[in-house]
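Novice:
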Amino acid sequence: MVLRPARLHSGGQSVGCEILNISAEGVKVRVALDFEPAARLTLAVESCGEYDCDLVWRDGETLGLEYPEQNAETLGLYEALVADSEGPSGVREATRVQVLWNGFLHAGERSSACRILDVSLSGAKAHVSNPSDIPSPVTLKIDRFGEFYCEIAWREGDYLGLRFLADKETVAETIGQAVPQILRDLK
Numbered sequence: 002m003v004l005r006p007a008r009l010h011s012g013g014q015s016v017g018c019e020i021l022n023i024s025a026e027g028v029k030v031r032v033a034l035d036f037e038p039a040a041r042l043t044l045a046v047e048s049c050g051e052y053d054c055d056l057v058w059r060d061g062e063t064l065g066l067e068y069p070e071q072n073a074e075t076l077g078l079y080e081a082l083v084a085d086s087e088g089p090s091g092v093r094e095a096t097r098v099q100v101l102w103n104g105f106l107h108a109g110e111r112s113s114a115c116r117i118l119d120v121s122l123s124g125a126k127a128h129v130s131n132p133s134d135i136p137s138p139v140t141l142k143i144d145r146f147g148e149f150y151c152e153i154a155w156r157e158g159d160y161l162g163l164r165f166l167a168d169k170e171t172v173a174e175t176i177g178q179a180v181p182q183i184l185r186d187l188k
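Quick note: the sequence shown, position 49, residue 50 per the working numbering, numbers continuous.
Encoded structure:
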């Protein structure tokens, strides 16, 4: 699973999407349900380029896209996204585990629903609508775990990289049973 933001251009429309999976032959993306794609689309991935794709299937908000021509460029996209599937910097201090938790970000008077896509002892990746005006630091509230004080480490489209301000031991006590894979980073 990649979970990388991108844009789809189709028949004069341009919409944000999320790359869920990628192979050398094509991609699987998530889009808004009201998006009506044409048979031929262009997938634009920041810092990677634009790629023509054919719509092969649709299941609700999920689209299966295939490259009409597999070549060095499409193989390069595949390799770049696999290598960079952990976020914009590609550098991680801790093991990340993919999750799909609902939460809220609170900053001052602003509160926004978010979806947590991955988590580690150091932080989390969150999807939130219009995150550009969310100030840092923030409080991340996840119903089953409580509140985490965070700073925003990076922003990319509708995604935020959150760095936990609590020590790793505190984070491990809070979410370690739900995602035990992250506990191996406690040393």
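Ideal placement from N, C-alpha and C gives every residue a C-beta, glycine not left out.
1) How big is the Cα-Cα spacing for residue 104 and residue 128?
2) State the DSSP-derived secondary structure class of residue 152, mapped to helix, strand or coil.
3) Kindly indicate the opening and closing residues of the alpha helix (DSSP H) around residue 172.
4) Is residue 63 near residue 107, with beta carbons less than 9 angstroms apart?
5) When DSSP labels each residue in this structure, what does residue 123 get in the three-state scheme?
6) Taking all protein chains shown into account, do 16 or more other C-beta atoms lie within 10 angstroms of the C-beta of residue 58, making it buried, or fewer, making it exposed?
7) Does the beta-carbon of residue 7 have 16 or more other beta-carbons within 10 angstroms, so that it is buried, or is it exposed?
8) Of the choices 42, 24, 60 and 132, whose alpha-carbon is the least far from that of residue 14?
9) Output needed for residue 61: all residues of its chain with C-beta closer than 8 angstroms, excluding positions within five of it in sequence on either side, in chain order.
10) Check for me: the beta strand (DSSP E) holding residue 106 runs from which residue to which?
11) Tell me the DSSP secondary structure of residue 14 in three-state form.
12) Quick check on the DSSP output: the beta strand (DSSP E) that includes residue 39 runs from which residue to which?
13) If you compare alpha carbons, which of 22, 48, 134 and 49 is closest to residue 161?
14) Considering only the alpha carbon of each residue, which of 168, 185, 17 and 182 lies closest to residue 44?
15) Going by Cα to Cα distance, which pick from 99, 143 and 97 is closest to residue 114?
Specialist: On the basis of the data shown:
1) 10 angstroms
2) strand
3) 169-176
4) no
5) coil
6) exposed
7) buried
8) 42
9) 34
10) 98-108
11) strand
12) From DSSP, residue 39 is part of no beta strand (DSSP E); its letter is neither H nor E.
13) 134
14) 17
15) 143
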